[in-house]
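Numbering (our numbering), first residue to last: -10 to 188.
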């Protein structure tokens, strides 16, 4: 890409939050697609017609994405957790966490559905240089939906995307010292992409 700045930081990107039940991807997608783009509320049929949302209604965007894909019900808990008294479940899912690597592998199709529901074409890439240990059988469905790239190609894609589209990139990351692999928002870069910034 020509005239791409050597460093870039998107200003005032909201942090990912746990809203209602922790669906990290749904909130990250809402932040990324609505970032500095109030027109999405009129262009996107889901937000305009189904939910009639207005700019700034972040909880509504989150709820629309999570509901339309059924992620909260598919991933958060099953029938035994929803009706613990009928199944004699002593320890139901308290967190209802729609998050984490296992949920991503098991319900990978909901990621594409969520992006399409927001009237966008999903793009998923798999870092072939990833050093995090992944069970190939568990991850097979997800990886099959992605375009494989090496780390350098992904770094170029991220920097070009940020510079051209001026919106955050969603990444499934394992950060050193973090206890889980989870979605994050990539919001900038330095030194031509040597350092990728996020939150």
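No residue lacks a Cβ here, since even glycine has one placed at the ideal position from N, Cα and C.
Cβ-heavy atom distance, residue 5 to the ligand GTP, below 7 Å = With respect to the ligand GTP, the structure offers nothing, as it holds no ligand at all.
Assigned secondary structure, residue 14 (DSSP; H/G/I helix, E/B strand, else coil) | Residue mapping note: residue 14 aligns to position 25 of the chain shown, counting from 1. Residue 14: helix per DSSP, three-state reduction.
Which residues share a DSSP beta bridge with residue 172?
-> Locating residue 172 in the chain shown gives position 183, where the first residue counts as 1. DSSP output for residue 172 lists 161 as bridge partner(s).
Rounded straight-line distance, which links the Cα of residue 90 to that of residue 28 = Within the chain shown, numbered from 1, the residue matching residue 28 stands at position 39. Within the chain shown, numbered from 1, the residue matching residue 90 stands at position 101. Answer to the nearest angstrom: the Cα atoms are 32 Å apart.
For residue 157, count neighbouring Cβ atoms within 10 angstroms of its own Cβ and tell me buried if that reaches 16, exposed if not.
-> Translated into positions along the chain shown, residue 157 becomes position 168. Its Cβ being crowded by 16 or more others within 10 Å, residue 157 is buried.
In angstroms with no decimal places, state the Cα-to-Cα distance between residue 118 and residue -1.
-> Stepping through the chain shown from its first residue, residue 118 is reached at position 129. Stepping through the chain shown from its first residue, residue -1 is reached at position 10. About 26 Å.
Based on the DSSP secondary-structure assignment, which residues constitute the bridge partners of residue 185?
-> As a first step, residue 185 must be located in the chain shown, where it is residue number 196. DSSP, once it has assigned bridges, lists 178 as partnering residue 185.
Name the DSSP bridge partner or partners of residue -3?
-> One-based indexing of the chain shown puts residue -3 at position 8. DSSP lists 178 as partners of residue -3.
Counting along the chain, where does the alpha helix (DSSP H) carrying residue 131 start and finish?
-> Here residue 131 refers to the residue found at position 142 when the chain shown is read from its first residue. Unbroken alpha helix (DSSP H) run through residue 131: 125 to 133.
What's the C-alpha gap between residue 19 and residue 13?
-> Indexing the chain shown from 1 puts residue 19 at position 30. Indexing the chain shown from 1 puts residue 13 at position 24. One C-alpha to the other measures close to 10 Å.
Three-pair Cβ contact test at 8 Å for the stretch 142 to 150 versus the stretch 119 to 126 = no
Please report the residue range of the alpha helix (DSSP H) in which residue 136 lies.
-> Taking the first residue of the chain shown as 1, we reach residue 136 at position 147. Run containing residue 136: none in the alpha helix (DSSP H); it sits in the beta strand (DSSP E), 136 to 138.
How big is the Cα-Cα spacing for residue 3 and residue 95?
-> By one-based count along the chain shown, residue 3 stands at place 14. By one-based count along the chain shown, residue 95 stands at place 106. The alpha-carbon atoms of residue 3 and residue 95 are separated by roughly 28 Å.
Considering only the beta carbon of each residue, do residue 15 and residue 133 sit closer than 8 Å?
-> To locate residue 15, count along the chain shown from 1; it is residue 26. To locate residue 133, count along the chain shown from 1; it is residue 144. Not a contact, by the Cβ cut-off of 8 Å.
Taking only the alpha-carbon atoms, compute the straight-line gap between residue 39 and residue 174 and give it to the nearest angstrom.
-> On the chain shown, position 50 is the one that residue 39 refers to. On the chain shown, position 185 is the one that residue 174 refers to. Rounded to whole angstroms, residue 39 to residue 174 spans 27 Å at the Cα level.
What is the rounded straight-line gap between the Cα of residue 136 and the Cα of residue 115?
-> Against the chain shown, residue 136 aligns to sequence position 147. Against the chain shown, residue 115 aligns to sequence position 126. Rounded to the nearest angstrom, the two C-alpha atoms are 6 Å apart.
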